[in-house]
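Contents: one structure, followed by commentary.
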Amino acid sequence: MEAHQLDKVGKARRVTVAHSIDGAHLSKHLSHTTAGFKLNDLAAKCQISGDLLIVLPEAKAQSRKFCFPLKMAMRRETEELVEHKFQDMFTFFRKCGEDGSTIKEGMKPLTVSFESNMSATWQLLKTGGAAKV
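Read in order, the letters of the sequence shown are residues 0 to 132 in numbering that gives the first Met the number 0.
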């Protein structure tokens with residue numbers, strides 16, 4: 000937060016971040032699932048120039064420059080993996096958004112959204128999947 004000057008913004012209003020989880024196949028027999036957060040607050044500033052990130056040429060919504068992985072498992076993304084190995088992250092981000100919580104003294108709680116692909120959403124909600132005929 001400090002590096003992108005959001006600690007100052009967070010004293011006046013909630014800072015927006017997105018919790019994210021996704022998996023990928025690295026080879027036929029090797030996959031990974033990674034979870035973390037994306038810095039998507041419009042007030043975030045470049046650490047070097049101090050310019051707003053949103054106006055920089057490399058500021059694309061899916062840019063890896065604004066993603067911060069916090070946890071990785073070298074396993075295929077499954078309901079069991081998401082529920083048992085990443086549950087602590089969902090709890091952490093939920094608590095960061097609750098009234099009265101703060102990640103730094105004087106800051107307001109975060110506004111946390113959740114971004115995932117359809118597969119992860121189905122796994123988290125324990126619903127969905129292919130149509131069965």
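The beta-carbon is built from N, C-alpha and C at its ideal position, and this holds for glycine as well.
All values reported here derive from a predicted model rather than from experimental measurement.
- Query: Beta carbon of Leu69, beta carbon of Ala43: below 8 Å?
  - Reply: Taking 8 Å as the Cβ cut-off, Leu69 and Ala43 do not qualify as a contacting pair.
- Item | Distance CB(Glu76)-CB(Ser118) smaller than 8 Å | In this structure, Glu76 sits near Ser118, with a CB-CB distance shorter than 8 Å.
- Message: Do Ser100 and Gln108 count as a contact pair if the criterion is CB distance below 8 Å?
- Response: The residue you asked about is not Gln; residue 108 is Pro in the sequence shown. In contact: Pro108 and Ser100 (Cβ atoms closer than 8 Å).
- Taking the C-alpha atoms as reference points, what is the distance between Ser26 and Met73? Approximately 12 Å between the Cα atoms of the pair.
- Residues that DSSP places opposite Phe113 in a beta bridge: Assignment of beta-bridge partners to Phe113 by DSSP yields His18.
- Task: For the segment 40-105, list the beta strand (DSSP E) runs that are entirely contained and at least 3 residues long, ordered along the chain.
- Result: Counting only runs of at least 3 residues, the segment 40-105 fully encloses the following beta strand (DSSP E) elements, listed from N- to C-terminal order: 66-72.
- Determine the closest residue to His18 out of Gln122, Trp121, Thr126 and Thr110, with distance taken between C-alpha atoms. Ranking the options by Cα distance to His18, first place goes to Thr110.
- With C-beta atoms as the reference, is Thr33 less than 8 Å away from Met71? Here Thr33 is near Met71, since their CB atoms are less than 8 Å apart.
- Message: Just to check my reading of the structure: Leu16 and Asn39 have Cβ atoms closer than 8 Å, yes? What is that Cβ distance to the nearest angstrom?
- Response: Reading the sequence as shown, one finds Val at residue 16 and not Leu. Right, their Cβ atoms sit about 7 Å apart.
- Message: Measuring straight from C-alpha to C-alpha, what distance separates His28 and Gly22?
- Response: Rounded to whole angstroms, His28 to Gly22 spans 14 Å at the Cα level.
- Proximity of Lys10 and Gly105 at Cβ, strictly below 8 Å: In this structure, Gly105 lies closer than 8 Å to Lys10 by Cβ.
- What are the partner residues of His24, as DSSP defines its beta bridges? Note: His24 sits in a beta bridge opposite Ser30.
- Query: Does DSSP classify Lys125 as helix, strand or coil?
  - Reply: Residue state, collapsed to three classes: coil.
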